[in-house]
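*Asks:* In mature numbering (1 follows the signal peptide of the UniProt record, and there is no 0), the protein residues as written are -19 to -1, 1 to 189.
Cβ atoms here follow ideal geometry from the backbone N, Cα and C, with glycine treated the same way.
Computed from a prediction, not measured in an experiment: that's the story for all the values here.
Here's a structure for you.
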Amino acid sequence: MSRQALGALGSALVPSALAARLEAHPDAQRAFRAARHSFIDGARIDMGALASSLGVDRTSLFRWVGNRDQLLSEILWSLAVPTLDAAGRAAAPSGAARIVDVLDRFTADLIRAPYFRAFLTREPARALRLLTTTDSDVQRRFVAVVATLITTEQETGTFDPAPLAPEELGRLLVRVSESFTYADLISGETPDPERARTTYEYILRPTR
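Structure follows, in structure tokens:
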């Protein structure tokens, strides 16, 4: 298995219904781009205001991009994709060190992203539900990326995830990432990317 673009790989493994509509419908793409731009600017996504800005009614908007949770989930993943790909490009070339680097860089970038922290502060309960539950499109895609990253290193002989299967280890590592990224919401602690990296290294034991 080749070392593909990580974010794109996750989208291919676990596509969402909205992702399919975005590929097929220019109006859905237009609405998504407008919502994504507002989100990056730190604004709350309001479906009524978004519909008005596009000159359509709410029914048309819902037909294009689904409900607010679906739209937010797709925006969040669309922002994770380039972050994951940048982490993959900057990571060690292979083995446990590569897995650690990808997770470390991705977690650190999320912790430091102003628009992401603004969303967590503004809507903490919704953010945790959309990002960390088993029903979450974002979490399923993230697990798929990490599991495939592990599988790639396993198949090239540079890492052995035993006694866990790649998906099991991937889910564990995603949970570790979540516990540090959302530490302020979960436990009231300050998110700490350095402690996150130390934990990844403790689990994966990379050799340099």
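Once you ignore the five residues that flank Phe161 on each side, which residues in its own chain have a CB closer than 8 angstroms to its CB?
*Replies:* Locating residue 161 in the sequence shown gives position 180, counting from the first residue. The residues are Thr88, Ile92, Pro172, Asp173, Pro174, Arg176, Ala177, Thr180.
*Asks:* Taking one C-beta from the region 31 to 46 and one from the region 3 to 15 each time, how about it: are there three or more such pairs within less than 8 angstroms?
*Replies:* yes
*Asks:* Is DSSP giving Arg25 helix, strand or coil here?
*Replies:* Locating residue 25 in the sequence shown gives position 44, where the first residue counts as 1. Looking at Arg25 - three-state DSSP - the assignment turns out to be coil, as it is neither helix nor strand.
*Asks:* Look up Tyr183 in the DSSP assignment and say whether it is helix, strand or coil.
*Replies:* Within the sequence shown, residue 183 is the residue found at index 202, counting from 1. Correct three-state label for Tyr183: helix.
*Asks:* Where does Val127 fall in DSSP's three states?
*Replies:* If you number the sequence shown from 1, residue 127 lands on position 146. In this structure, Val127 counts as helix in the three-state DSSP scheme.
*Asks:* Would you call the region 94 to 110 and the region 130 to 149 in contact, with 3 or more CB pairs under 8 angstroms?
*Replies:* no
*Asks:* At which residues does the alpha helix (DSSP H) containing Pro105 begin and terminate?
*Replies:* Counting from one through the sequence shown, the residue named residue 105 turns up at place 124. Here the alpha helix (DSSP H) through Pro105 covers 105 to 113.
*Asks:* Measure the alpha-carbon distance for Met28 versus Thr64 and round it to whole angstroms.
*Replies:* As a position in the sequence shown, residue 28 is number 47, starting the count at 1. As a position in the sequence shown, residue 64 is number 83, starting the count at 1. Distance between the alpha carbons of Met28 and Thr64 is about 26 angstroms.
*Asks:* On the three-state DSSP scale, how would you describe Val37?
*Replies:* Locating residue 37 in the sequence shown gives position 56, where the first residue counts as 1. The answer is coil: DSSP assigns Val37 none of H, G, I, E or B.
*Asks:* Check whether the region 19 to 33 and the region 65 to 85 touch, using three or more Cβ-Cβ pairs below 8 angstroms as the test.
*Replies:* Because the criterion of three Cβ pairs below 8 angstroms is not met, the region 19 to 33 and the region 65 to 85 do not touch.
*Asks:* Run through DSSP, which three-state label would Ala67 get?
*Replies:* Here residue 67 refers to the residue found at position 86 of the sequence shown. Residue state, collapsed to three classes: helix.
*Asks:* So what does DSSP say about Asp165, is it helix, strand or coil?
*Replies:* The sequence position of residue 165 within the sequence shown is 184, counting from 1. Three-state result, Asp165: helix.
*Asks:* Would you call Leu145 buried or exposed, if buried means 16 or more other Cβ atoms sit within 10 Å of its Cβ?
*Replies:* Numbered from its first residue, the sequence shown carries residue 145 at position 164. With fewer than 16 other Cβ atoms within 10 Å, it is exposed.
*Asks:* Given a cut-off of 8 angstroms on the beta-carbon distance, is the pair Val81 and Leu166 in contact?
*Replies:* For the purposes of this step, residue 81 is taken as residue 100 along the sequence shown, with counting starting at 1. For the purposes of this step, residue 166 is taken as residue 185 along the sequence shown, with counting starting at 1. No; because the gap between Cβ atoms is not below 8 angstroms, this pair is not in contact.
*Asks:* CA-CA distance, Thr129 and Pro147?
*Replies:* Here the question's residue 129 lines up with position 148 in the sequence shown. Here the question's residue 147 lines up with position 166 in the sequence shown. C-alpha separation (whole angstroms): 7 angstroms.
*Asks:* Between Ala61 and Leu84, what straight-line distance do the alpha-carbon atoms span, to the nearest angstrom?
*Replies:* The residue labelled residue 61 in the question sits at position 80 within the sequence shown. The residue labelled residue 84 in the question sits at position 103 within the sequence shown. C-alpha separation (whole angstroms): 12 angstroms.
*Asks:* Report the rounded CA-to-CA distance for Leu150 versus Leu35, giving the unit in angstroms.
*Replies:* The residue given as residue 150 occupies position 169 in the sequence shown. The residue given as residue 35 occupies position 54 in the sequence shown. Cα to Cα, Leu150 sits roughly 43 angstroms from Leu35.
*Asks:* Let me make sure I understand the geometry here. Which of Ser(-4), Asp8, Arg49, Pro187 has the alpha-carbon closest to that of Glu134?
*Replies:* In the sequence shown, counting from the first residue as 1, residue 134 sits at position 153. That would be Pro187, whose Cα lies nearest to the Cα of Glu134.
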